[in-house]
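> Take the sequence shown: its position 221, counting from 1, is numbered 221 in full-length UniProt numbering, and each next residue is one higher. All C-beta atoms, glycine included, are put in the ideal place defined by N, C-alpha and C. Dumping the structure here so I can ask a few things about it.
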Amino acid sequence: MSDPVSLTTDHPVQEASATPPAPGRSRHLSDRRLTVAFISPALLLLLAMSVFPLLWALYLSFTDYSATRGGAATFVWFENYAAILTSAQVHLRAFTTLIYVVGAVTLQTVLGFSIAYLISRRTHGRGLLTTLFLVPMMLSPVVVGLFWRFMLDAQFGVINSMLGSLGLGQVEWLTRQNTALISLIMVDTWQWTPFIMLIALAGLTAVPKYLYEAASIDRASEWFRFRTITLPLVWPLLLIAVLFRAIEAFRLFDLVYILTSGGPGVSTETLSFHVYKVAFLGFNTGTASAYGILMVLIVIVLAQLYMRYLNKLKED
C-alpha cells in the first residue's frame with residue numbers, strides 16, 4: 001500500500017504577485033503619465049502667455065523695431081539700454097516713481113497697521129469693521145480713479161465743496177504740480193491701505209495670548225508689550241506686505257491714466273506710464289521693450305535684496 005499523499009508542504013504555494021489592472025484603466029497609463037497629461041495643457045498655456053512674451057520683449061529690446069514701420073527689425077544691440085540709462089527724462093520719471101512708492105507705501109503701512117491694531121483690541125464687531133474697511137480694495141482701480149476724479153474736481157468736486165463750507169479756499173488737486181502727486185498718493189492709500197491692514201490683522205491675531213498674560217502678571221506697561229511682543233512678532237509679516245505693495249506701486253499705471261494722464265506737465269508721469277507713451281504714442285517698440293526689461297530687472301534685484309534681509313531677520 002503506497003504512502004498517503006502529504007497534505008502539507010514545506011513551501012506554501014505563492015499567490016499571484018501581479019494584480020490585474022483596474023477596470024477601464026489602461027495597463028500603460030501609469031500615475032506619472034497621468035500627472036504629465038493633466039499638467040501639460042496648463043503648463044503650455046502658462047509658457048505661451050508669460051514666458052514667450054518676455055523672451056519676445058527681450059529680443060525686441062535689442063532692435064529698432066517699430067509697430068508702425070514696415071520691414072524687418074535691425075539689431076542695435078545695447079543702444080536702447082544706453083539711451084535709457086543716460087536720459088535725463090528717465091531719471092526724472094524714476095525720481096517721481098520713487099517719491100510715489102516711498103510716500104504711498106509708508107503711509108499705507110502706518111495707517112494699515114494702526115487700524116489693524118485698533119481692530120484687534122475689539123471683542124465685538126471685529127468682522128463687520130474688517131469687512132467695511134476692505135470695501136475700497138475690492139473695487140477696480142479704474143472705478144476708483146473715476147470716483148476720485150469727480151470728487152477732486154476743482155469746481156464741482158465734493159472735497160472742495162466741503163473745504164468751502166468750512167471757510168477754506170479751493171484746491172486744484174489734479175491740475176497743479178504741487179498737489180497732483182499728493183492726490184495720487186492719497187487715492188492709492190485709500191484703496192490699498194486695507195491690504196496692509198488685512199495682513200497685519202492676521203499677524204496680530206496669531207500672536208500667542210499667553211505672552212500678553214505673562215506680561216500682565218509682571219505688570220508690564222502697554223507700550224512695553226507693544227514694543228517687545230506685538231511689533232517683533234508682526235514685523236516680518238508686515239515686511240512681506242510692504243514688499244508686495246512696493247512692487248505694485250512701482251508699476252502703477254491705471255490711476256495715473258485716469259486721474260492725471262501724467263500731468264500737469266510730467267509731474268505725475270511714472271515709469272510705467274512713460275513706457276506706455278513710448279510704446280503706444282511714440283510707437284518705439286524696441287525702446288519700450290528695453291524699458292520693460294530694465295524694470296523687471298530692477299524689481300528682481302530689489303526683491304532679492306529685500307528677501308535676504310527678511311531671511312536674516314528670521315534667523316536673528
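From the DSSP output, in three-state form, read off F52 for me.
Three-state DSSP puts F52 in a helix.
> Using a C-beta cutoff of 8 Å, does V76 count as contacting chain B?
Given the protein chain composition of this structure (a single chain), no chain B is represented.
> A82 and I293: beta carbons closer than 8 Å?
No; because the gap between Cβ atoms is not below 8 Å, this pair is not in contact.
> With a 10 Å radius around its C-beta and 16 neighbouring C-beta atoms as the bar for buried, classify D218 as buried or exposed.
That one is exposed.
> On a Cα-Cα basis, can you pick out the residue from I199, A303, Y276, L302 that is closest to A290?
Checking every option, the nearest Cα to that of A290 belongs to Y276.
> Does the Cβ-Cβ distance between A104 and D188 come in under 8 Å?
Result yes, Cβ atoms of A104 and D188 sit closer than 8 Å.
> Secondary structure at L107, three-state DSSP: helix, strand or coil?
Note: L107 maps to helix in three-state DSSP.
> Between L255 and L184, is the Cβ-Cβ spacing less than 8 Å?
Yes, the Cβ-Cβ distance between L255 and L184 is below 8 Å.
> Could you check if N80 is buried or exposed, using at least 16 other CB atoms within 10 Å of its CB as the buried criterion?
Buried.
> Helix, strand or coil for F75, going by three-state DSSP, please let me know.
Strand, per DSSP.
> Please return the same chain residues whose Cβ sits closer than 7 Å to the Cβ of E315, not counting the five positions on each side in sequence.
Excluding sequence neighbours, E315 sits near nothing in its chain.
> From this set, Y59, S40, L152, which residue's C-alpha is nearest V171's C-alpha?
The option with the nearest alpha carbon to V171 is L152.
> On the three-state DSSP scale, how would you describe T175?
Correct three-state label for T175: coil.
> Rounded to whole angstroms, what's the CA-CA distance from V102 to K209? Just pull it up for me.
If I take the Cα positions, the gap works out to 34 Å.
> Alpha carbon to alpha carbon, what distance is there between V142 and F133?
The straight-line gap from Cα to Cα measures roughly 19 Å.
> Taking the alpha-carbon positions, what's the W173 to A180 distance?
If you take the alpha carbons of W173 and A180, they lie about 6 Å apart.
> Would you tell me roughly how many angstroms separate the C-alpha atoms of K312 and S120, rounded to the nearest one?
If you take the alpha carbons of K312 and S120, they lie about 28 Å apart.
> So who's on the other strand from T63, going by DSSP bridges?
For T63, which the question treats as bridged, DSSP gives the partners F75.
> Determine the direct distance from the alpha carbon of Y309 to that of A303, and round the result to whole angstroms.
Straight-line Cα distance between these residues: approximately 10 Å.
> Answer yes if the segment 222-242 comes into contact with the segment 187-204, meaning at least three C-beta pairs across the two stretches below 8 Å, and no otherwise.
The segment 187-204 vs the segment 222-242: in contact.
> Apart from the five residues just before and just after D64, which ones in its own chain have a Cβ nearer than 7 Å to its Cβ?
Result list for D64: A73, T74, V76, G286, in chain order.
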